[in-house]
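The structure appears right after this line, and notes come after that.
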Amino acid sequence: MKLTTAIAVTGMAAALLTAPALAQDVRPDDVTQDRKDIRQDRRDLRRDRRDIREDRREIRQDTKDIRGDRRDLREDRRELAADRKAGDKDAVKNDLKDIREDRKDLKSDMKDRRADAKDLRRDRRDRRQDRRDLHNDRKDLKADQAAK
């Protein structure tokens, strides 16, 4: 093969490799699949938004519960101090039991709130990923339709 033929063949191969997708490369099922992907991504986005709303609601409720538990704990400590001052041993014993229970409730509510915050972060990350997927699928659909 002569040098000029080799250069021409190499140039032609490079042109074919770098050329945009030809109409024969795009099948109708590609466009259909892109549309299905877009529809699914939109469903995922709606689901993620709903999950985020629910997580925020749960966090608000947990925060209210924590506030109430702290209030109960303060009241129990005041009662304990008053009963110790009065010298009532049975009341002191009951107050200590109440304080233990309130601490347990507070700890449980704090754990729930942390778990809900973690879920919220995970759902936000999913929403970002679904937005990226939707953007990419729309780009693919546009490219497939342009190449058709």
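Just add 1302 to wherever you are in the sequence shown, counting from 1, and you've got the working numbering. We put the beta carbon where it would ideally sit given N, CA and C, even for glycine.
Check whether the region 1334 to 1343 and the region 1365 to 1381 touch, using three or more Cβ-Cβ pairs below 8 Å as the test. Cβ pair count under 8 Å is below three, so no.
If you count every other CB in all the chains shown that lies within 10 Å of the CB of D1331, and 16 or more means buried, which is it? Classification for D1331: exposed.
- Please name the residue in A1445, Q1447, D1428 and R1369 whose C-alpha comes closest to that of R1348. Nearest C-alpha to R1348: D1428.
Legend entry - Meets three-Cβ-pair contact criterion under 8 Å: the region 1378 to 1385 and the region 1396 to 1411: Enough Cβ pairs lie closer than 8 Å, so yes.
Could you tell me the distance, in whole angstroms, from the CA atom of R1533 to the CA atom of R1344?
The requested residue 1533 is not part of the displayed model; the chain covers only 1303 to 1450.
Per-residue burial, D1378 [other beta carbons within 10 Å of its own, 16 or more giving buried]: By the neighbour-count criterion, in which a residue is buried when 16 or more other Cβ atoms sit within 10 angstroms of its Cβ, D1378 is buried.
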